[in-house]
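Engineer:
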Amino acid sequence: MPFQPQTMVWPGTRAILLVHGIGDASTGKDNAFPLDVLEEVLGDDAASVAIYRVNYDFINDWLATKVQFQAGITALKTALKLKLGTEDTDATIAEYAGDVLWPVLSPDLRLAVRDALLAQLEQIQLDRGESALSRGVDPLEYEISIVAHSLGCFHTYEVLTAAAQEPSHALRPASDLFTLHSVILMASPVQLIRTVGGAIAAFIPDKGTLATLAQPLAIPSETRKGKVVPCTTDFMSITGSHDPVGGHLLGKRLDWAYMDIPGQHSVIVPQQALNIDTKAGTAQALAKAFATGGPKVNDPHSWSAYIEGQAKLLRGVLLT
Amino acid sequence: MTRDWTKRLVVAALLAVAPASVSAQATEPLPDATLRNRADSITVGDYCGVAQDVLSARTVIQALAADSSDARANAAIICNPLLAKFSLLALTGTAPAPFEAVARVHTNAYAEVQLGVLDAMSQFRADVRQPGVRDVVRDAIGTQRNAELVRISETAHSLVVVMARDRALTRLANYERKLGPTSARLNLPEVLLNYAAQRWIPGFKATPLGGPSPWEVVASYAPGYITFVDRRGTPIPVSAAEFGLRFYLFGDHFGKPGPEGVVLPSYVAAGVLTASDLNGALVWPWKGRDRSGGYVSWGAIKVGYIKRDRGTWLVSKQFQAVPFVF
Chain Y
1 MPFQPQTMVW
11 PGTRAILLVH
21 GIGDASTGKD
31 NAFPLDVLEE
41 VLGDDAASVA
51 IYRVNYDFIN
61 DWLATKVQFQ
71 AGITALKTAL
81 KLKLGTEDTD
91 ATIAEYAGDV
101 LWPVLSPDLR
111 LAVRDALLAQ
121 LEQIQLDRGE
131 SALSRGVDPL
141 EYEISIVAHS
151 LGCFHTYEVL
161 TAAAQEPSHA
171 LRPASDLFTL
181 HSVILMASPV
191 QLIRTVGGAI
201 AAFIPDKGTL
211 ATLAQPLAIP
221 SETRKGKVVP
231 CTTDFMSITG
241 SHDPVGGHLL
251 GKRLDWAYMD
261 IPGQHSVIVP
271 QQALNIDTKA
281 GTAQALAKAF
291 ATGGPKVNDP
301 HSWSAYIEGQ
311 AKLLRGVLLT
Chain H
1001 MTRDWTKRLV
1011 VAALLAVAPA
1021 SVSAQATEPL
1031 PDATLRNRAD
1041 SITVGDYCGV
1051 AQDVLSARTV
1061 IQALAADSSD
1071 ARANAAIICN
1081 PLLAKFSLLA
1091 LTGTAPAPFE
1101 AVARVHTNAY
1111 AEVQLGVLDA
1121 MSQFRADVRQ
1131 PGVRDVVRDA
1141 IGTQRNAELV
1151 RISETAHSLV
1161 VVMARDRALT
1171 RLANYERKLG
1181 PTSARLNLPE
1191 VLLNYAAQRW
1201 IPGFKATPLG
1211 GPSPWEVVAS
1221 YAPGYITFVD
1231 RRGTPIPVSA
1241 AEFGLRFYLF
1251 GDHFGKPGPE
1261 GVVLPSYVAA
1271 GVLTASDLNG
1281 ALVWPWKGRD
1291 RSGGYVSWGA
1301 IKVGYIKRDR
1311 GTWLVSKQFQ
1321 AVPFVF
């Protein structure tokens, strides 16, 4: 079916867009969005929040059947292994963490995902206007937030940068007054992609269209009449102390993989309770996280666990 | 003779039926009716009136500070008397222009001047509705008039957002045409050639605002051609190598699934064709005395012409016998 952005009348004054990533807890299939967990976190306010979901798995499926990317993905994973180390377990971790890297190899794929996200954001903007005006309220008093996970953080970062800088998308923060209440990136691989993608830059087509590689990382902003206006005043990064996709391994921060954008609010979630104390344990937990089916007992990359574990923080950010 | 033609028609029909699982390209319109109706009830003159009210307030000019000159300039563009009777919807070219306006402007195409007015409206909104100025405007012109400003300016901007959304959806539909279920599958050499073409040959590259290129390089081994070697119409398999270009047909009219796709396919292609003089389903094209000619395809249906000893005209259907190989 052709992509149609989700549209709805907002029940209240807030909307949240969920952007999925990778792994079974975040595969983008309808049941994989952690809606129940999010609604539980929002409590009584959940009924008054419009929750949108954008699923771009169908675009991944096009590419998977149209072409064979294995050679490029292998090159990316090799570059990642060199960063991690030479142990067998490093290779295993690279194998799973590397799955977030492959969109950089295909301009068609990443630009198609960008267009799907742009169309969804534009529809949300339209729904905001219609919902507010139908009640005689100023649409600018209604608020939009984005909660993204894993690879969804990369696509969100790319689309917000494009939206902030390109007039024809009509989503610039100053010229179009499209500012977001908050942007929450969970287990963001943006820096990991920047580092590993940089190591094989010669093989990456159209780097100029990749904000993650082409420019220094920054909160997406527009400069209008000399004034820099960010797309949000609350750009938050949440990652786990044992989540390699989010730039941590066994409680230690990997500077080359951890997204640390100037101005971001950073939260590192302690994950000692997951009982992962070896690289082998990390590899095993990631293998479960990226596989399909079955319970994820100690998945350091679980989207649901991030939302559940940061309930109080999320309520504060999303609802105030 | 009749039986020969029947055989040929059966072969052609089998070739013609496209996979049933492909998805349709046409998109259902999104529910923009309320916005369109409202936009059709507001005129450019209405926008001009409220803009003049806003800029007549001294406190607003003070709050705008350096932006006040831009706001005045944009208001002057909005207050174009030739467009005063146009509805906001008519500005986008998707609704009829008023009779009086047509009499003066002669056209309701989405002309530069109309685009300029919509752009001025967006700029004016960005100035007078920015944080820090918004509250001043409301206090200066009163709640009632401010509600009018909000309704008019947000409606105009929503039309701009609708156009942006539709452009994104059109690009996405074009990506689906080129990469999705009705597209041709690529083998490994084609993946590499198209990767190279997208990097180094102008016209093959996808662009953020233009979407995908309609062009694709073809370099494939096609074991599924059929020719007819005698007057009885007995079909004989022929293997061939194809080198050429494929052109994707973007737009709602093409890319139909099923039998309709025979008439309105996703792509056309043309190029050179080489086949051995030996017939067979898995014959190396350069084995024996090879012959070259040309081929064209309309969607999945391909017709080739090679001056061979046995069978000059070849027909086939686009498919991959072994995924990513041929």
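Protein chains in written order, with our numbering: chain Y, 1 to 320; chain H, 1001 to 1326. Backbone N, C-alpha and C fix where the C-beta goes; we use that ideal spot for every residue, glycine too.
At the level of alpha carbons, what is the spacing between Y:R172 and Y:T212?
Structural biologist: Spanning the two alpha carbons is a distance of roughly 19 Å.
Engineer: Would you grab the beta carbon distance between Y:P2 and Y:A119 for me? Rounded to a whole angstrom, and I think it's under 8 Å.
Structural biologist: Wrong, their Cβ atoms sit about 11 Å apart, outside the cutoff.
Engineer: With C-beta atoms as the reference, is Y:L250 less than 7 Å away from Y:D45?
Structural biologist: Not in contact: Y:L250 and Y:D45 (Cβ atoms no closer than 7 Å).
Engineer: Which of the three DSSP states, helix, strand or coil, is assigned to H:L1082?
Structural biologist: Residue state, collapsed to three classes: helix.
Engineer: Should H:G1180 be flagged as near chain Y, meaning a C-beta pair shorter than 7 Å?
Structural biologist: Judged by the 7 Å Cβ criterion, H:G1180 is in contact with chain Y.
Engineer: Hey, how far is the Cα of H:D1230 from the Cα of H:A1300?
Structural biologist: Rounded to the nearest angstrom, the two C-alpha atoms are 25 Å apart.
Engineer: Could you spell out where the beta strand (DSSP E) holding H:S1153 opens and where it closes?
Structural biologist: Unbroken run through H:S1153 is the alpha helix (DSSP H), 1134-1179; no beta strand (DSSP E).
Engineer: For Y:L321, which residues of its own chain have a beta-carbon under 6 Å away from its beta-carbon, when the five flanking residues on both sides are left out?
Structural biologist: Past the edges of chain Y, shown from 1 to 320, lies residue 321 of chain Y, and the structure says nothing about it.
Engineer: Ends of the alpha helix (DSSP H) at H:A1241?
Structural biologist: Counting along the chain, H:A1241 falls outside any alpha helix (DSSP H), though it belongs to the beta strand (DSSP E) covering 1235-1248.
Engineer: Out of Y:T7, Y:L109, Y:Y56, which one is the CA nearest neighbour of Y:I204?
Structural biologist: When each option's Cα is compared against that of Y:I204, the closest is Y:L109.
Engineer: Contact defined as beta carbons within less than 8 Å: I believe Y:L111 pairs with Y:V54. What is the distance between those atoms, to the nearest angstrom?
Structural biologist: Actually they are not in contact, since the Cβ atoms of Y:L111 and Y:V54 sit about 15 Å apart, beyond 8 Å.
Engineer: Just list the residues that DSSP pairs H:W1298 with in beta bridges.
Structural biologist: Note: H:W1298 sits in a beta bridge opposite H:V1268, H:I1301.
Engineer: Is Y:G263 close to chain H? Criterion is C-beta to C-beta, closer than 7 Å.
Structural biologist: For Y:G263, the answer is no, since every Cβ of chain H falls outside 7 Å of its Cβ.
Engineer: Using a Cβ-Cβ distance cut-off of 7 Å, determine whether Y:S106 contacts chain H.
Structural biologist: Judged by the 7 Å Cβ criterion, Y:S106 is not in contact with chain H.
Engineer: Compute the Euclidean distance between the alpha carbons of H:G1045 and H:I1152, then round it to the nearest angstrom.
Structural biologist: Answer to the nearest angstrom: the Cα atoms are 11 Å apart.
Engineer: Sort out for me which residues DSSP pairs H:W1313 with in a bridge.
Structural biologist: H:Y1305.
Engineer: Please determine, among Y:V190, Y:F235, Y:C231, the residue with the shortest C-alpha to C-alpha distance to Y:G247.
Structural biologist: Y:G247 has its Cα closest to that of Y:V190, out of Y:V190, Y:F235, Y:C231.
Engineer: Looking at the strands, I want to know which residues DSSP matches up with Y:F33.
Structural biologist: According to DSSP, Y:F33 bridges with nothing at all.
Engineer: Roughly how many angstroms separate the alpha carbons of H:S1158 and Y:V37, rounded to a whole number?
Structural biologist: Spanning the two alpha carbons is a distance of roughly 33 Å.
Engineer: Just checking Y:I59 against the ligand MN - is the residue's beta carbon closer than 6 Å to any of the ligand's heavy atoms?
Structural biologist: In terms of ligand content, the structure shown is empty, and the ligand MN therefore cannot be addressed.
Engineer: Name the two residues that bound the continuous beta strand (DSSP E) containing Y:F235.
Structural biologist: Residues 235-240.
Engineer: In the DSSP assignment, the alpha helix (DSSP H) including H:W1284 goes from what residue to what residue?
Structural biologist: Looking at the DSSP string, H:W1284 is not in any alpha helix (DSSP H), and its letter there is neither H nor E.
Engineer: What distance in whole Å lies between the Cβ atoms of Y:Q165 and Y:E222, which are believed to be in contact at a cut-off of 8 Å?
Structural biologist: About 7 Å; that satisfies the 8 Å criterion.
Engineer: Which of the residues in the region 1119-1133 of chain H, read from start to end, lie with their CB under 8 Å from any CB of chain Y?
Structural biologist: From the region 1119-1133 of chain H, only S1122, Q1123, R1125, A1126, R1129, Q1130 have a Cβ closer than 8 Å to chain Y.
Engineer: Applying the 10 Å Cβ sphere with the 16-neighbour rule, what's the burial state of H:Y1248?
Structural biologist: Buried, since its Cβ has 16 or more Cβ neighbours within 10 Å.
Engineer: Comparing alpha-carbon positions, which option in Y:P244, Y:I261, Y:Q271, Y:R224 lies nearest Y:K81?
Structural biologist: Comparing Cα-Cα distances from Y:K81 to each of Y:P244, Y:I261, Y:Q271, Y:R224, the minimum goes to Y:P244.
Engineer: Would you say Y:F3 lies against chain H (beta-carbon separation less than 7 Å)?
Structural biologist: Taking Cβ atoms only, chain H reaches closer than 7 Å to Y:F3, which makes this a yes.
Engineer: Buried or exposed for H:V1161, please, with buried defined as at least 16 other CB atoms from any protein chain shown within 10 angstroms of its CB.
Structural biologist: Under this definition H:V1161 is a buried residue.
Engineer: Return yes when the Cβ of H:A1219 is within less than 7 Å of the Cβ of H:L1245, no when it is not.
Structural biologist: The answer is no: Cβ separation not under 7 Å.
Engineer: Does chain H have any CB closer than 7 Å to the CB of Y:E130?
Structural biologist: Yes - at least one Cβ of chain H is within 7 Å of the one on Y:E130.
Engineer: Hey, out of H:A1240, H:Y1175, H:V1238, whose CA is closest to H:P1212's CA?
Structural biologist: It is H:Y1175 whose Cα lies nearest to the Cα of H:P1212.
Engineer: Relative to the C-alpha of H:T1092, which candidate in H:E1112, H:G1142, H:A1073 has its C-alpha closest?
Structural biologist: The candidate whose alpha carbon is nearest that of H:T1092 is H:E1112.
Engineer: Label H:P1223 either buried or exposed according to how many other C-beta atoms from any shown protein chain fall within 10 Å of its C-beta, with 16 as the threshold for buried.
Structural biologist: So H:P1223 ends up on the buried side.
Engineer: Any C-beta of chain Y sitting closer than 7 Å to the C-beta of H:V1150?
Structural biologist: Interface residue, yes.
Engineer: I'd like to know if H:S1158 contacts chain Y, where contact means its C-beta is closer than 7 Å to some C-beta of that chain.
Structural biologist: So, interface residue.
Engineer: Would the region 1274-1292 of chain H count as touching the region 1185-1201 of chain H if we require 3 or more Cβ pairs under 8 Å?
Structural biologist: No, the region 1274-1292 of chain H is not in contact with the region 1185-1201 of chain H.
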